[in-house]
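I have placed the structure first, in the form of structure tokens, so that the comments after it can refer back to it.
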Amino acid sequence: MTTLTATGADAAASAPVTPAGSSQHARARRSAPSPAWLGLVPFAGYVVLFLAVPTILSIGSGFFTKDGTFTGANLSALADPVVLNTFADSAGLSLLTAVVGAVVGALVCYALLGMDPEGRTRSAVDAAAGVLAQFGGVMLAFAFIATIGIQGVVTVFLKDSLGVDIFANGTWLYELPGLVLPYIYFQIPLMVITFMPALAALKPQWAEANVTLGGTRASFWLRIGIPVLAPSFLASLLLLFANAFSSYATAAALASQGAQIVPLQIRTALTSETLLGRENLAGALALGMIVIVGIVMALYSLVQRRAARWQS
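The sequence shown begins at 708 in my numbering and counts up one residue at a time.
This is the structure:
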């Protein structure tokens, strides 16, 4: 007991003496605002100007007339059969291109899995995916018009050399079906970007344990790989759906007439003559889009949190 007491006393005596006010000073320094937060000011300004303000204006304009009078007539337009059909077309187009982009993109990721992450092929595909995922709008529309348009290179070649007229049943490229190919064009690279990290996060130890227990490649994917990757795949699918549902520039450049999808219908409501008291119909349509995309992104967040547990 004496030895222990002495040892404790010696330890206490040898401990560094901290001034009484130093701990309070340290706490004050920790509680003081750090100048590092100033680096977020440009990003916060961007979010406010280009995300928060347009969202508030869209929601607000849906409940008011041009004169500023509160009304529910704009929202009642969301129940119009024409508007509902446009939302259905947008959802169908988004779902189709998201599924095709997710499946093809996942296969590309699987092919890249066996390559050296630092190799030239893998680096080239990663770079191409990053560029092509952002290649849209007027540039992408022009690329398809120049390739498979009425006088496109491929169209003329097929017609003159093989006698095949891809527009024999109408100019589908400039209608709703014509948006499928351009949308898939940027959906596949986006899937590669979002799904490849999840596929690369599969631990080699799982495959080794599967082989040790007498499993096969098929049993690994059926019992381990696919169940683990399912949340990440679903999250990427939801992201692709939201990306296609909110796309505007490519559709506006290709489908110059009509309002086959909701973004084009919003354009029509803003640029064409509307009924008296319904000038803010575009705000109601935008509100409907915000609700749908918000629900999809909330589901994406939930699924992504579940997927993150396996990737950590």
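C-beta: ideal position from N, C-alpha, C; glycine also.
- When DSSP states are grouped into helix, strand and coil, phenylalanine 874 belongs to the coil group.
- Each of Ala831, Val838, Phe893, Tyr817 was checked against the Cα of phenylalanine 851, and the nearest Cα belongs to Phe893.
- When DSSP states are grouped into helix, strand and coil, phenylalanine 849 belongs to the helix group.
- Beta-bridge analysis with DSSP links phenylalanine 777 to Phe771.
- In terms of Cβ geometry, alanine 848 and threonine 957 form a close pair [threshold 7 Å].
- For glutamine 894, the secondary structure class from DSSP, reduced to helix, strand or coil, is helix.
- Tyrosine 753 has its alpha-carbon roughly 31 Å from the corresponding atom of arginine 1016.
- As the crow flies, the alpha-carbon of glutamine 841 is around 26 Å from that of alanine 937.
- For valine 789, the enclosing alpha helix (DSSP H) stretches over residues 788-820.
- For tyrosine 1007 against alanine 942, the beta-carbon gap comes to about 5 Å, under 8 Å, which counts as contact.
- Alanine 949 sits in a helix when the DSSP states are folded into three classes.
- By a beta-carbon distance limit of 8 Å, serine 797 contacts valine 969. Their separation comes to about 5 Å.
- Residue range 911-919 is occupied by the alpha helix (DSSP H) that includes tryptophan 913.
- For the options Asn917, Thr793, Leu886, Leu756, the alpha carbon positioned closest to that of valine 845 is the one of Leu886.
- Under the three-state reduction of DSSP, isoleucine 766 is assigned to helix.
- Distance from serine 801 to phenylalanine 940 at the Cβ level is roughly 17 Å; contact not present, criterion being Cβ atoms closer than 8 Å.
- Around glycine 812, the same chain offers Ile895, Met898, Val899, Phe902 as residues with beta carbons nearer than 7 Å, after the five sequence neighbours per side are excluded.
- When secondary structure is reduced to three states using DSSP, isoleucine 900 falls in the helix class.
- Just measuring C-alpha positions, the residue of Gly922, Ile891, Gln967 sitting nearest glutamate 882 is Gln967.
- Non-local beta-carbon contacts of leucine 946 in its own chain, meaning distances under 7 Å to residues more than five positions away in sequence, involve Thr901, Tyr1007 in chain order.
- The closest CA to that of serine 768, considering only Ile1002, Asn987, Ile973, is found on Asn987.
- For glutamine 972, the enclosing alpha helix (DSSP H) covers residues 969-978.
- When DSSP states are grouped into helix, strand and coil, threonine 957 belongs to the helix group.
- Residue environment: threonine 804 is assigned as buried (16 or more neighbouring CB atoms within 10 Å of its CB, all protein chains considered).
- With a cutoff of 7 Å on beta-carbon distance, leucine 977 and alanine 989 are scored as near each other.
- Take threonine 828, set aside five residues on each side of it, and the residues of its chain with a beta-carbon closer than 7 Å to its own are Met822, in chain order.
- Minimum Cα-Cα distance from glutamine 1011 among the listed residues Gly995, Val935, Met996, Tyr955 corresponds to Val935.
- Contact check for glutamine 972 against threonine 793 passes: the beta carbons are separated by less than 7 Å.
- Assigned with DSSP and collapsed to three states, glutamine 841 falls in coil, not helix or strand.
- Spanning the alpha carbons of isoleucine 931 and serine 765 requires a straight line of approximately 45 Å.
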